[in-house]
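Numbering (the numbering used here), first residue to last: 132 to 281.
Where a beta carbon is used, it is the ideal one built from N, C-alpha and C, also for glycine.
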């Protein structure tokens with residue numbers, strides 16, 4: 132179930148972040164006439180060099196996209212007991228003391244655990260299948276566990 136929740140969360144973030152980045156980029160391409168040229172099959176006479184302002188705007192959009200993702204992954208468990216994907220599937224994150232929502236500290240530690248797990252070839256996530264309470268490295272770091280409530 133946790134894996135399915137991860138896919139749901141990835142889909143949600145993909146759509147949100149796709150809109151955050153794609154819509155402004157397409158607007159820029161339209162404004163520059165590049166979209167029309169690409170659709171007509173006619174290449175521009177000169178290679179287009181993006182202006183520094185557009186590059187800066189794109190970097191800001193990417194950073195905004197990252198911030199939205201981080202807030203989603205940390206904020207959902209901190210304030211609601213899980214991300215939208217987990218909550219849709221009836222999963223809830225608890226502290227070792229049985230508290231939910233878990234708050235910002237444990238939620239941030241879970242996020243750090245996600246990063247560490249990614250750096251060690253996802254072993255921290257694979258651990259979920261083999262530990263007694265189905266806890267991943269991120270759960271162990273944060274002192275949390277996930278429970279199915281329905």
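Runs of alpha helix (DSSP H) with 4 or more residues, each lying fully within the segment 183–248, are found at 183–211, 215–219, listed in chain order. In this chain, the beta strand (DSSP E) harbouring residue 275 covers 275–279. 278 is the residue among 278, 252, 251, 249 whose C-alpha sits nearest the C-alpha of residue 263. Under the 8 Å Cβ criterion, the segment 204–222 does not count as touching the segment 246–261, having fewer than three qualifying pairs. Here residue 253 is exposed. Its C-beta has fewer than 16 other C-beta atoms within 10 Å. Rounded to the nearest whole angstrom, the C-alpha separation of residue 196 and residue 188 is 12 Å. When secondary structure is reduced to three states using DSSP, residue 262 falls in the coil class, being assigned neither helix nor strand.
The beta carbon of residue 266 sits closer than 6 Å to those of 276, all from its chain and outside the five residues before and after it, given in chain order.
Distance from the CA of residue 231 to the CA of residue 241, rounded to the nearest whole angstrom, comes to 14 Å. By a beta-carbon distance limit of 8 Å, residue 151 contacts residue 192. Their separation comes to about 6 Å.
Between the alpha carbons of residue 144 and residue 182 lies a distance of about 29 Å. Around residue 213, the same chain offers 207, 222, 223, 224 as residues with beta carbons nearer than 7 Å, after the five sequence neighbours per side are excluded.
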